[in-house]
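Residue numbers (my numbering): 4 to 158.
Quick reminder that beta carbons are idealized off the backbone N, C-alpha and C, glycines included.
Report on the structure given below.
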Amino acid sequence: MPTPEQVFLRYAFPCAQVLLDTGKLTKEGYERLKRAVMSGEGITRDELESIFRSAVARMKELFGEDYWSLAAVREYFIEHHNRIIDAGKEGYANAPEYFKEMCKVHIARVVAREGSGLRVRYGGKERVVLGLLCPEAKPGDKVSIHLGFAIEVLA
Numbered sequence: 004m005p006t007p008e009q010v011f012l013r014y015a016f017p018c019a020q021v022l023l024d025t026g027k028l029t030k031e032g033y034e035r036l037k038r039a040v041m042s043g044e045g046i047t048r049d050e051l052e053s054i055f056r057s058a059v060a061r062m063k064e065l066f067g068e069d070y071w072s073l074a075a076v077r078e079y080f081i082e083h084h085n086r087i088i089d090a091g092k093e094g095y096a097n098a099p100e101y102f103k104e105m106c107k108v109h110i111a112r113v114v115a116r117e118g119s120g121l122r123v124r125y126g127g128k129e130r131v132v133l134g135l136l137c138p139e140a141k142p143g144d145k146v147s148i149h150l151g152f153a154i155e156v157l158a
């Protein structure tokens with residue numbers, strides 16, 4: 004069973020590229036996150052809180068002292084993350100529509116495996132996402148996706 008920190012990192016890691024591009028994360032920091040998410044070893048809660056300040060602040064606001072529970076982490080990304088984008092908060096007000104759509108977390112059905120990718124279908128769309136974080140995913144599975152990554156297989 005993954006820890007809340009591991010699940011948080013899986014959902015948050017795709018955003019690390021944006022932090023790197025905007026100078027809010029160093030190349031070394033990005034590479035450390037990448038190694039951690041790909042190996043499944045995770046990163047400490049303190050490190051995650053210092054890197055992904057906005058997401059953690061919103062989780063604290065929503066869930067109070069229970070903000071680091073596994074259920075809270077999943078609920079934040081699956082249920083609340085898209086609302087921030089739709090409301091134009093956190094810099095999304097001026098972002099292009101394609102970027103806002105790409106940044107959203109979706110629940111998708113795996114149609115096929117394509118090398119290291121997964122062909123998924125959701126909301127009348129079909130696309131290929133990276134399956135590196137979900138090597139166990141197979142056609143028919145339900146997965147969460149974020150910024151071109153399959154994040155986790157859902158029950």
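Residue burial classification, residue i (beta-carbon count within 10 angstroms, cutoff 16)
{"i": "Ser-119", "result": "exposed"}
{"i": "Glu-93", "result": "exposed"}
{"i": "Arg-13", "result": "buried"}
{"i": "Ile-46", "result": "buried"}
{"i": "Glu-82", "result": "exposed"}
Per DSSP, the bridge partner or partners of residue i
{"i": "Leu-133", "result": "Gly-120 and Phe-152"}
{"i": "Ile-81", "result": "Ile-81 is not bridged to any residue."}
{"i": "Arg-112", "result": "Arg-124 and Lys-145"}
{"i": "Leu-157", "result": "Lys-145"}
Host alpha helix (DSSP H) of residue i (start-end)
{"i": "Glu-52", "result": "48–54"}
{"i": "Gly-32", "result": "30–42"}
{"i": "Glu-68", "result": "Where Glu-68 is concerned, there is no enclosing alpha helix (DSSP H), given that its DSSP letter is neither H nor E."}
{"i": "Ala-19", "result": "7–24"}
Residue j beta carbon less than 8 Å from that of residue i
{"i": "Leu-73", "j": "Val-10", "result": "yes"}
{"i": "Gly-134", "j": "Leu-121", "result": "yes"}
{"i": "Pro-7", "j": "Trp-71", "result": "yes"}
{"i": "Ile-87", "j": "Arg-61", "result": "yes"}
{"i": "Phe-102", "j": "Val-132", "result": "no"}
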